[in-house]
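Following my numbering, the numbering of the sequence shown begins with 81 at its first residue and continues without gaps. Here a beta-carbon is modelled for each residue, glycine too, at the ideal position from N, C-alpha and C.
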Amino acid sequence: MIIQQLVNGLTVGCSYALVTLGFSMIYSVLTLTNFAHSSFYMLGAYLVVFFMQILTDSPVWFLCSIILAVAICAVVSSGVDIILLRKIRHSDALPIAALLCTVGVQQFINNGIILLWGSSNKPFTFFADMFHVGKFRIGNAVISWLQIILISIAIVIMLALTFVVRKTRLGAGMRAVSQNSRAAQAMGVQVNKVIFLTFMIAGGVSAIGGIMVGIYYQSIETTMATVVGSKAFAAALLGGLGELIGAVLGGFLIGILETFAAVYINAGYRDAIAFGVLIIMLLVRPQGLLGKKTANKV
Numbered sequence: 081m082i083i084q085q086l087v088n089g090l091t092v093g094c095s096y097a098l099v100t101l102g103f104s105m106i107y108s109v110l111t112l113t114n115f116a117h118s119s120f121y122m123l124g125a126y127l128v129v130f131f132m133q134i135l136t137d138s139p140v141w142f143l144c145s146i147i148l149a150v151a152i153c154a155v156v157s158s159g160v161d162i163i164l165l166r167k168i169r170h171s172d173a174l175p176i177a178a179l180l181c182t183v184g185v186q187q188f189i190n191n192g193i194i195l196l197w198g199s200s201n202k203p204f205t206f207f208a209d210m211f212h213v214g215k216f217r218i219g220n221a222v223i224s225w226l227q228i229i230l231i232s233i234a235i236v237i238m239l240a241l242t243f244v245v246r247k248t249r250l251g252a253g254m255r256a257v258s259q260n261s262r263a264a265q266a267m268g269v270q271v272n273k274v275i276f277l278t279f280m281i282a283g284g285v286s287a288i289g290g291i292m293v294g295i296y297y298q299s300i301e302t303t304m305a306t307v308v309g310s311k312a313f314a315a316a317l318l319g320g321l322g323e324l325i326g327a328v329l330g331g332f333l334i335g336i337l338e339t340f341a342a343v344y345i346n347a348g349y350r351d352a353i354a355f356g357v358l359i360i361m362l363l364v365r366p367q368g369l370l371g372k373k374t375a376n377k378v
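Laid out in structure tokens, this is it:
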């Protein structure tokens with residue numbers, strides 16, 4: 081039973097981890113809490129449904145729909161930076177202006193989805209027979225190959241992003257901008273390009289997380305962005321704001337904890353677990369599991 085719920089929790093947690101990873105990437109570079117980030121999680125899933133309604137029902141077109149949806153979310157996410165946030169950064173606006181701007185973008189996307197596709201749940205049953213076949217046992221636990229595939233995809237994406245941040249020129253630019261953007265620019269780092277690419281990657285990764293949830297649950301809903309947004313924020317704080325490994329750890333832990341709570345306590349407490357963890361972490365270790373304490377100058 082424990083193994084079963086652990087795998088279920090990891091499957092749910094992998095989508096949280098992907099969203100939290102993008103959230104933490106943006107925070108680490110800009111020290112900005114991007115509330116619009118979770119909207120791309122929902123937008124990606126709804127775009128796949130939209131494309132599959134107008135394209136031929138085949139695995140090839142389904143894959144094309146996923147690629148196109150992820151690409152659109154990546155472009156729109158980077159567009160938020162180019163059109164809105166970049167102007168705020170280069171103005172005399174208060175830092176809270178950028179945060180409020182992301183809240184506005186979040187509401188625009190979320191309500192735009194409701195306006196275009198309605199507020200009712202949408203079936204995400206494309207090739208369900210293909211995805212939901214094949215199971216094996218580990219003791220009393222019944223594990224589907226779909227769970228293994230989704231977890232594996234998430235891990236590969238996380239490892240790839242970790243490699244990008246730690247071993248590539250773009251990653252070096254991200255680290256430089258996060259420490260001091262003006263000094264980084266003086267050293268030849270193209271700050272605007274680094275931030276643009278960070279938003280693009282984060283938006284695409286968030287969309288992948290939403291599509292994975294649609295495939296797993298075979299349904300998507302208009303509240304999914306709000307729910308996952310709060311959980312991603314809690315996961316980021318749990319792992320340590322701006323810490324990529326911490327983001328992954330926090331996402332998986334939230335998924336596992338809420339799955340065990342739903343089974344062993346009460347299913348009604350499932351969504352409350354993230355907030356409970358958030359409160360406890362702020363009281364016990366505000367910097368998160370992998371975060372570092374910062375000294376405040378007086």
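So what's residue i in DSSP terms, helix, strand or just coil?
{"i": "P203", "result": "strand"}
{"i": "S224", "result": "strand"}
{"i": "I176", "result": "helix"}
{"i": "I300", "result": "strand"}
{"i": "K215", "result": "strand"}
{"i": "M267", "result": "coil"}
{"i": "G89", "result": "helix"}
{"i": "I360", "result": "helix"}
{"i": "E323", "result": "coil"}
{"i": "I83", "result": "helix"}
{"i": "K377", "result": "Unreliable placement is indicated for K377, whose pLDDT of 43 sits below 50; the coordinate value is still reported in the next sentence. In the structure shown, K377 sits in coil (DSSP, three-state: anything other than H, G, I, E or B)."}
{"i": "L110", "result": "helix"}
{"i": "F115", "result": "coil"}
{"i": "S171", "result": "coil"}
{"i": "T136", "result": "coil"}
{"i": "K247", "result": "helix"}
{"i": "I336", "result": "helix"}
{"i": "D351", "result": "coil"}
Is it right to say residue i is buried, meaning 16 or more other beta carbons lie within 10 angstroms of its own, or is it exposed?
{"i": "S138", "result": "exposed"}
{"i": "T136", "result": "exposed"}
{"i": "K372", "result": "exposed"}
{"i": "I275", "result": "buried"}
{"i": "S145", "result": "buried"}
{"i": "S200", "result": "exposed"}
{"i": "S232", "result": "exposed"}
{"i": "K202", "result": "buried"}
{"i": "V364", "result": "exposed"}
{"i": "L241", "result": "buried"}
{"i": "L195", "result": "exposed"}
{"i": "S108", "result": "buried"}
{"i": "M267", "result": "exposed"}
{"i": "D161", "result": "buried"}
{"i": "K311", "result": "buried"}
{"i": "T182", "result": "buried"}
{"i": "T248", "result": "exposed"}
{"i": "L277", "result": "buried"}
{"i": "I432", "result": "This structure leaves residue 432 out entirely; the chain is present only between 81 and 378."}
{"i": "V140", "result": "exposed"}
{"i": "N376", "result": "Because the pLDDT at N376 is just 48, under 50, the model does not fix this residue reliably, and the value given afterwards should be weighed accordingly. Classification of N376: exposed, given that the 10 Å Cβ count is below 16."}
{"i": "Q259", "result": "exposed"}
{"i": "A287", "result": "buried"}
{"i": "I300", "result": "buried"}
Once you ignore the five residues that flank residue i on each side, which residues in its own chain have a CB closer than 6 angstroms to its CB?
{"i": "S261", "result": "V271"}
{"i": "G335", "result": "G89, V92, G93, Y96"}
{"i": "A178", "result": "L112, L165, I168"}
Assuming residue i contacts residue j under a Cβ cut-off of 8 angstroms, what Cβ separation, rounded to an integer in Å, is found between them?
{"i": "I106", "j": "H117", "result": "7 angstroms"}
{"i": "F79", "j": "V129", "result": "No answer is possible for residue 79: the residues shown for the chain start at 81 and end at 378."}
{"i": "G290", "j": "M81", "result": "Incorrect: roughly 29 angstroms between the Cβ atoms, too far for contact."}
{"i": "I189", "j": "S119", "result": "4 angstroms"}
{"i": "S104", "j": "L324", "result": "6 angstroms"}
{"i": "G320", "j": "L369", "result": "6 angstroms"}
{"i": "M292", "j": "L230", "result": "5 angstroms"}
{"i": "G102", "j": "A282", "result": "3 angstroms"}
{"i": "G331", "j": "T100", "result": "4 angstroms"}
{"i": "L226", "j": "Y296", "result": "7 angstroms"}
By DSSP's criteria, residue i is part of a beta bridge. Which residues make up the other side?
{"i": "R262", "result": "Partner(s): none; R262 has no beta bridge."}
Leaving out five residues on either side along the sequence, give the residues of the same chain with a beta carbon under 8 angstroms from the beta carbon of residue i.
{"i": "L358", "result": "F313, A314, L317, L318"}
{"i": "A151", "result": "G284"}
{"i": "Q84", "result": "N220, A221, V222, I223"}
Within its chain, find whatever has a CB closer than 7 angstroms to the CB of residue i; leave out the 5 residues flanking it on each side and keep chain order.
{"i": "R350", "result": "E338, A341, A342"}
{"i": "I218", "result": "I83"}
{"i": "F207", "result": "P139, F142"}
{"i": "V307", "result": "D351"}
{"i": "Q298", "result": "P203, F204, T205, A208"}
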